[in-house]
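S.K.: Before I ask anything, let me first share the structure, which is written out below as structure tokens.
Below, the structure written as structure tokens:
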């Protein structure tokens, strides 16, 4: 082994170890994710169905919902539910039932407002209902600002259940001292070996916010209303071995949830925005904000004070017994 080390050098051997362990992750992701869009498992259907229905329910809660929005997504969701149903899969799962209910809400929403959707979409909807059992329309959640924050100082169970992602903000600027208090609370989140590797970029300048939002997928229709954006990163120079490869994401996730709770406590609405982008967008954000190469970008959070009245996507959660396995 020493001869191999001498021949290749320590740097090459470490690189090979890193490559091998990343290939371990890569091969599992390729085998079991639905990246090939083949829908070979029920879970693959669940993931895609959830993405599609969530796009629609978000659209229904936009500050100014555009009538006739999301027709390609509605088409795709109907197609997927028909295929899922015809393959004899479980139509009693939450994802399927809520998707059907959201579709019913979509068509009812437009009918109630006297908006004529395209005839081919209506015809397809009528055919879809012959296959998929009609569901009672879903209803997105309506709040006043006071209702939404009424549990901000209650015991943790009430507090945690009262927080939702908000996509409607007022134009009032958030003072820096409140933002600093929120970041200080987030810093109490657990961190790997107390290495405190998280970094946060607070963007309030409108022109810079707009540039960040152009690079992030998924803020259309509401991102421009946010008065502040947080970009969360983690300094990977703190890590000492290949087994630390995913610690940045773990630490950033914990930090983000602590920050979201802090924002809720200080009566600020917020919505986490994924950073699932290609290398070109990642590099563009680095250049825009001066993020060094040794920091890994985790996610973006939009936030702002809330208006007097707003709506929130219902986004129902699974039951505990759907996700938890106990070893007593």
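Numbering (the numbering used here), first residue to last: -15 to 312.
No residue lacks a Cβ here, since even glycine has one placed at the ideal position from N, Cα and C.
Remember, it's a predicted structure, so these values are computed and weren't measured experimentally.
Considering residue 282, what are the terminal residues of the beta strand (DSSP E) in which it resides?
M.R.: Start and end: 279 to 288.
S.K.: Based on the DSSP output, what are the partners of residue 215 in its beta bridges?
M.R.: Paired residue(s): 185, 284.
S.K.: Quick one: what does DSSP say residue 175 is sitting in, helix, strand or coil?
M.R.: Three-state DSSP puts residue 175 in coil, outside helix and strand.
S.K.: Unbroken beta strand (DSSP E) runs of length 3 or more, entirely within the region 115 to 172: which are they?
M.R.: DSSP runs (the beta strand (DSSP E)) wholly in the region 115 to 172: 125 to 128.
S.K.: Cα separation between residue 256 and residue 203?
M.R.: Going from the Cα of residue 256 to the Cα of residue 203 covers about 10 angstroms.
S.K.: Starting from the N-terminal side, write out each stretch of the beta strand (DSSP E) that is 3 residues or longer and does not extend beyond the region 227 to 297.
M.R.: 253 to 258, 279 to 288, 293 to 296, all fully within the region 227 to 297.
S.K.: List the endpoints of the continuous alpha helix (DSSP H) containing residue 14.
M.R.: It spans -6 to 16 - the alpha helix (DSSP H) in which residue 14 sits, taken as one unbroken run.
S.K.: Give a yes or no on contact between the region 164 to 183 and the region 217 to 235, applying the rule of three or more CB pairs nearer than 8 angstroms.
M.R.: A contact exists between the region 164 to 183 and the region 217 to 235.
S.K.: Taking only three categories from DSSP, how would you classify residue 29?
M.R.: Residue 29 falls in the helix class under three-state DSSP.
S.K.: Would you report the Cα separation of residue 164 and residue 281, rounded to the nearest angstrom?
M.R.: Those two C-alpha atoms are separated by around 20 angstroms.
S.K.: Classify residue 49 as helix, strand or coil using the three-state DSSP reduction.
M.R.: Coil at residue 49, not helix or strand.
S.K.: Starting from residue 85, follow the alpha helix (DSSP H) in both directions and report where the run begins and ends.
M.R.: Counting along the chain, the alpha helix (DSSP H) containing residue 85 begins and ends at 78 to 96.
S.K.: Could you tell me how far apart the beta carbons of residue 218 and residue 245 are, in whole angstroms, since I believe they sit closer than 8 angstroms?
M.R.: Contact doesn't hold; Cβ gap of about 19 angstroms is too wide.
S.K.: Is the beta carbon of residue 124 less than 9 angstroms from the beta carbon of residue 135?
M.R.: No, they are not a contact pair.
S.K.: For the putative contact between residue 286 and residue 207, defined by C-beta atoms under 8 angstroms, what is the C-beta separation to the nearest angstrom?
M.R.: Residue 286 to residue 207, Cβ: 6 angstroms. Contact.
S.K.: Should the region 44 to 60 be regarded as contacting the region 77 to 92, the criterion being three or more beta carbon pairs within less than 8 angstroms?
M.R.: The answer is yes - the region 77 to 92 touches the region 44 to 60, with three or more Cβ pairs under 8 angstroms.
S.K.: Taking a contact to mean a Cβ-Cβ separation below 9 angstroms, would you say residue 288 touches residue 71 in this structure?
M.R.: It is not a contact, given that the beta carbons lie outside the stated cut-off.
S.K.: Judging by CA-CA distance, which residue of 251, 79, 97, 240 is the nearest neighbour of residue 133?
M.R.: That would be 251, whose Cα lies nearest to the Cα of residue 133.
S.K.: In whole angstroms, give me the CA-to-CA distance for residue 31 and residue 77.
M.R.: Computed Cα separation, rounded: 12 angstroms.
S.K.: Which value, in whole angstroms, describes the spacing of the CA atoms of residue 201 and residue 259?
M.R.: Approximately 8 angstroms between the Cα atoms of the pair.
S.K.: Below 8 angstroms on the Cβ atoms is my contact criterion, and I expect residue 109 with residue 91 to pass it. Report the Cβ-Cβ distance as a whole number of Å.
M.R.: Between residue 91 and residue 109 the Cβ distance is about 6 angstroms, and since that is below 8 angstroms, they are a contact.
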